[in-house]
Amino acid sequence: MFEGTLRLFLIWLAAALLMVPVSLAVAQDADGLGDLKLPGISSYAPPKSETSLAVGSSGAITLSAQMTDKGADITRGIVWRVFKPDPTGDGKLPMVASAHGGSAVFQLEPGSYLVHASYGRAGATKRITVGKDAKRESLVLDAGGLKLDAVLSGGVRIPPKKLRFSIYEGQAEANHDRALIIPDVEPNSVVRLNAGVYHVVSTYGSVNAVIRSDIRVEAGKLTEAAVEHHAAEMTMKLVRESGGEAIADTSWSLLNESGDPIKETVGAFASMVLAEGDYTIIAKNRDRIYQKDFTVVAGQNKEVEVLATEASAMDPEEGAD
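Mapped onto mature numbering (1 follows the signal peptide of the UniProt record, and there is no 0), the consecutive letters of the sequence shown carry residue numbers -27 to -1, 1 to 294.
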């Protein structure tokens, strides 16, 4: 009887084991996991690897930048770029990582790298070595800010839309040219630059009201500089009588004191900003030419009327053989 009971138990156990896969499949379908696709075994790290799966063979390095030595960390506005130190076939350094903001953390393979931090137009480069242990590196930019503005004689403000600055290297090259760093800088905007002397060109209008100056930027400081323009805005018009309406379709040519042409335009009015000095304006309308000499006084904007009369007209053929 004991043997019979044992045989029945073994038959039941075998039947139960055969039903396990069927029960598991039914349970997966019931949970919505029947279509679950698992990665192949090759997607996993080798079982014998002693390296953490989260860190791998890379090391963490935290980068920060300061305006001056022992200064506070810059918290925003930095562009970080990490390069391998060996150039490729085209001579360029391969970039392996980048980030924007303040301090940045990179996971890099152990080895040597070049790190460049740019903050506006200021920047610094440093060679770093990355290992498996986390470390920190800081870059001192030795940089400051430059804020530019310009006024007319007597401190009169210049409309910002008519004023632009260009910033050049302070040191001129052998041919006396200077390398342009930033063109078309708006007034009262802050430009970040490495400490040093810069050549600044202020342009009021678009003709010849130009002021040049050398300005020193100090590390960790905001340098504010204002230049003074000796110029005025002049509006020329061709009229048949004093105080009359401007005549349309007029061609204008402006000559400086030496007789050199410096500006040409077409229209009823010729408006332009000019540096103080003496000028000649020539107006041409319907094959008739008229001219007038005038003087620009710094800070005194005014209209210049050119009379279109027979007495003041010039013969276009005058002086021809």
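Idealized CB from N, CA, C, for every residue including glycine.
Helix, strand or coil for residue i, going by three-state DSSP, please let me know.
i    : result
P58  : coil
K21  : Confidence at K21 is low in this model, with a pLDDT of 31, below 50, so the placement of that residue should be treated as unreliable; the coordinate-derived value is given next. Here K21 sits in coil by DSSP.
P67  : coil
K134 : helix
V269 : strand
P160 : coil
S175 : strand
Q80  : strand
S126 : coil
Nearest to residue i by alpha carbon, out of the options?
i    : options                  : result
V246 : A182, G50 and K257       : A182
E249 : G232, R165 and T268      : T268
T102 : L87, G93 and L114        : L87
R94  : A168, R189 and D251      : A168
P160 : Y263, D150 and P132      : P132
D106 : G84, V124, R100 and V113 : G84
V190 : T176, Y177 and L166      : L166
Y252 : I262, T282 and E230      : E230
L81  : S31, P60, A286 and K99   : S31
R100 : G44, L36, A152 and I140  : L36
Quick one, are the C-beta atoms of residue i and residue j less than 8 Å apart?
i    : j    : result
Q39  : S91  : no
L195 : G96  : no
I155 : V163 : no
L280 : I254 : no
V174 : G143 : no
A271 : S179 : no
R185 : H172 : yes
K275 : M209 : no
V212 : E278 : yes
L121 : A204 : no
R137 : D157 : yes
I47  : K108 : no
A192 : D266 : no
A243 : W225 : yes
V200 : A123 : yes
Who does residue i pair with in a DSSP beta bridge?
i           : result
residue 370 : This structure does not reach residue 370, given that the chain is present from -27 up to 294, and the question cannot be answered.
L247        : A205
D46         : Q39
K108        : I34
N258        : R261
V180        : V180 is not bridged to any residue.
I140        : I155 and V173
L121        : A198
Beta carbon of residue i: closer than 7 Å to some heavy atom of the ligand HEM?
i    : result
K194 : Only the bare structure without any ligand can be found here, which leaves the ligand HEM out of the picture.
Hey, is the region 211 to 223 in contact with the region 252 to 259, meaning 3+ C-beta pairs nearer than 8 Å?
They touch, by the three-pair rule.
May I ask you to verify whether the region 51 to 64 touches the region 77 to 94, counting CB pairs closer than 8 Å and requiring at least 3?
Judged by Cβ distances under 8 Å, the region 51 to 64 makes contact with the region 77 to 94, as three or more pairs qualify.
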